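Asks: Under the numbering used here, the sequence shown has 29 at position 29, and the numbering climbs by one with no breaks. What follows is a structure written as structure tokens; I'll ask about it next.
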Amino acid sequence: MNCQKLDVYDDSIQWTALTDVRTLEFEYLEQLRTLPEGLQSVTALEDLQIRACYNFTGLQRWIHRLSSLQRLTIENCPNFKSVPGSISSLTSLQHLVQGLKVTEDLKDVKKRTAIVQEMNFTAQQIVTK
């Protein structure tokens, strides 16, 4: 299904009804700048893919609430700039896919994660709090 015009920020989307969804792909969504807040209630999510979302800038601090997340793919998102420190709390994360660089702030993730490609984040791109 082609949903390029889907408004993922629309309050009528019942994210809480999607608790059993295991895989979610966002592709070619120009309006996607950050993940929709409601996504944090999709707690069974194991595979999150964000591809060709040209305005996507980064992950939110609540990413650790996706405790079942095993695979995170971010590809062809040229404005992607930030990864929160809370990503190190994703103990189920096994694959982190992107051409990004790991800094000391992400060493815990690197220890638990089979990095598919070398990561290229700079220290300024890591959001911690």
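For each residue, glycine too, the CB sits at the ideal point set by N, CA and C. All values derive from a computational prediction rather than experimental measurement.
Which whole-angstrom value is the C-beta distance of valine 97 and threonine 73, which I expect to be below 8 Å?
Replies: 4 Å
Asks: How big is the Cα-Cα spacing for glutamate 25 and alanine 52?
Replies: Taking the straight line joining both Cα atoms gives about 11 Å.
Asks: Using a Cβ-Cβ cutoff of less than 6 Å, which residues in the same chain neighbour threonine 23 once the five nearest sequence positions on both sides are dropped?
Replies: Asp47
Asks: Let's test the definition: count the other Cβ atoms within 10 Å of the Cβ of proline 78 and tell me whether it reaches 16, buried, or not, exposed.
Replies: Of the residues assessed, proline 78 falls on the exposed side of the cut-off, its CB having fewer than 16 other CB atoms within 10 angstroms.
Asks: Taking the alpha-carbon positions, what's the glycine 58 to threonine 16 distance?
Replies: If you draw a straight line from the Cα of glycine 58 to the Cα of threonine 16, it comes to about 22 Å.
Asks: Leucine 69 and leucine 45 - do their beta-carbons sit closer together than 7 Å?
Replies: yes
Asks: Going by C-alpha to C-alpha distance, which of Leu18, Trp62, Glu27, Asp20 sits closest to leucine 90?
Replies: Trp62
Asks: Give the straight-line distance between the Cα atoms of glutamate 37 and glycine 85, rounded to the nearest whole angstrom.
Replies: Each residue's alpha carbon lies about 18 Å from the other.
Asks: Is the CB-CB distance between arginine 65 and histidine 95 below 7 Å?
Replies: It is not a contact, given that the beta carbons lie outside the stated cut-off.
Asks: Just to confirm my understanding: we take threonine 131, look at its own chain, exclude 5 residues before and 5 after, and list those with CB closer than 7 Å. What are they?
Replies: For the chain, the structure presents residues 1 to 129; residue 131 sits outside this window and is missing.
Asks: Buried or exposed: which applies to serine 88, given that a residue is buried once 16 or more other Cβ atoms fall within 10 Å of its Cβ?
Replies: buried
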